[in-house]
Amino acid sequence: MPEDGGLYEFVHISEIASTTRDLMSLNLKHRTQLGGRSEGVYSRSDQQVEHIVLQQARDFVGRAREGFMLSVRQSDVPTKGELRYLLERVLLDWSSFSRELGLEEAHTSADELSSAETLRLVRRQLLAFGMAATALGALPRTPAEEVTFPYSYGKPPTYCDIPAPSSPAEMLHRLEEVESMLWKLMSMEWQELVNHYYGPLRRTYGFFEANARLAQQEAERFGVKPVRRTLQWPA
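Quick note on the numbering used here: the sequence shown kicks off at 27 and runs consecutively.
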């Protein structure tokens with residue numbers, strides 16, 4: 027992996043985060059209202075760009091979850107119950123996860139996945155997890171003027187009521203919640219999400235908002251100017 031590969035992946039993640047946040051903001055502003063009525067079944071089959079953006083977001087969060095699995099150690103887990111929960115989640119995902127890493131069979135690793143490719147994949151997963159974990163930790167401290175979620179009840183708006191994960195199990199739960207909400211964003215009507223999934227929707231929006239904000243700050247520190255693709259509602 028070239029030396030600038032990590033920086034390239036960092037910029038890529040920052041673009042995914044900001045584009046996903048913008049997509050959610052536009053749809054919430056133009057397709058929903060507080061207390062609005064759901065229209066029932068809604069199909070997104072013709073929303074190709076929206077589907078691509080959300081799929082990229084799912085890929086990022088999936089890599090973050092895999093990076094979490096690589097990072098967590100038994101010494102980090104305070105209780106047997108939490109360790110059991112984490113093991114169950116890892117074992118449920120391990121089949122596909124090991125195939126991605128080339129660890130399922132020895133000859134598969136030797137023949138189809140070089141050590142350099144394995145290292146590159148692991149590096150991407152750890153970077154994704156590092157950015158996701160940092161964003162979840164920083165989310166409650168987001169300045170009010172930078173909170174853009176359209177339906178904030180607080181005056182001024184805030185994410186301070188969304189606690190940072192304090193244990194490995196909480197971290198995994200939050201990542202899986204974002205993954206689950208992205209699935210819903212791809213298949214359900216926006217008004218129904220506001221009406222019935224307000225909390226997870228707001229936390230997911232905040233997750234991508236915090237990622238975009240922190241990535242922008244770090245990009246400026248590294249002297250990188252990410253390409254800004256602003257989404258606009260069709261006229």
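Ideal Cβ positions, reconstructed from N, Cα and C, are used throughout, including at glycine.
Check	Outcome
Judging by CA-CA distance, which residue of 150, 75, 144 is the nearest neighbour of residue 87?	150
Given a threshold of 16 other Cβ atoms within 10 Å of its Cβ, counted over all protein chains shown, does residue 48 qualify as buried or as exposed?	buried
Contact between the region 214-232 and the region 165-182 is defined here as three or more beta-carbon pairs at a separation below 8 angstroms; is this criterion met?	yes
CB-CB under 7 angstroms to residue 201, same chain, minus the five flanking residues each way: which ones, in chain order?	87, 90, 91, 94, 158
Determine the burial state of residue 179: buried for a count of at least 16 other Cβ atoms within 10 Å of its Cβ, exposed for fewer.	exposed
Using the three-state DSSP reduction, which class does residue 55 fall into: helix, strand or coil?	helix
Could you check how far apart the C-beta atoms of residue 64 and residue 215 are, in whole angstroms? I think they sit under 8 angstroms.	6 angstroms
Could you give the residue range of the alpha helix (DSSP H) that holds residue 78?	74-97
Looking at the unbroken alpha helix (DSSP H) that takes in residue 204, where does it start and where does it end?	194-213
For the candidate residues 53, 156, 144, 185, whose alpha-carbon lies nearest to that of residue 169?	185
Just the Cα atoms here: how many angstroms apart are residue 226 and residue 145?	33 angstroms
If you follow the alpha helix (DSSP H) that residue 220 is in, where does it begin and where does it stop?	216-222
Pull up the distance between the alpha-carbon of residue 75 and that of residue 181, whole angstroms please.	34 angstroms
For residue 82 and residue 61, what's the separation of their Cα atoms in angstroms?	30 angstroms
Run through DSSP, which three-state label would residue 174 get?	coil
For residue 217 and residue 46, which I take to be in contact (beta-carbon distance under 8 angstroms), what is that distance rounded to the nearest angstrom?	Not a contact, Cβ separation roughly 19 angstroms.
Excluding five sequence neighbours on each side, which residues of the same chain lie with their C-beta closer than 8 angstroms to the C-beta of residue 152?	93, 96, 97
When the Cα atoms are used, what is the spatial distance from residue 37 to residue 223?	30 angstroms
What is the DSSP secondary structure of residue 232, reduced to helix, strand or coil?	helix
Taking Cβ positions, are residue 33 and residue 212 nearer each other than 8 angstroms?	no
Is it buried or exposed for residue 194, if we count other Cβ within 10 angstroms and need 16 for buried?	buried
Distance check for residue 199 and residue 206, CA to CA, integer angstroms please.	10 angstroms
What would DSSP say about residue 40, mapped onto helix, strand or coil?	helix
Can you tell me which of 196, 156, 221 puts its alpha carbon nearest to the alpha carbon of residue 39?	156
How big is the Cα-Cα spacing for residue 187 and residue 196?	15 angstroms
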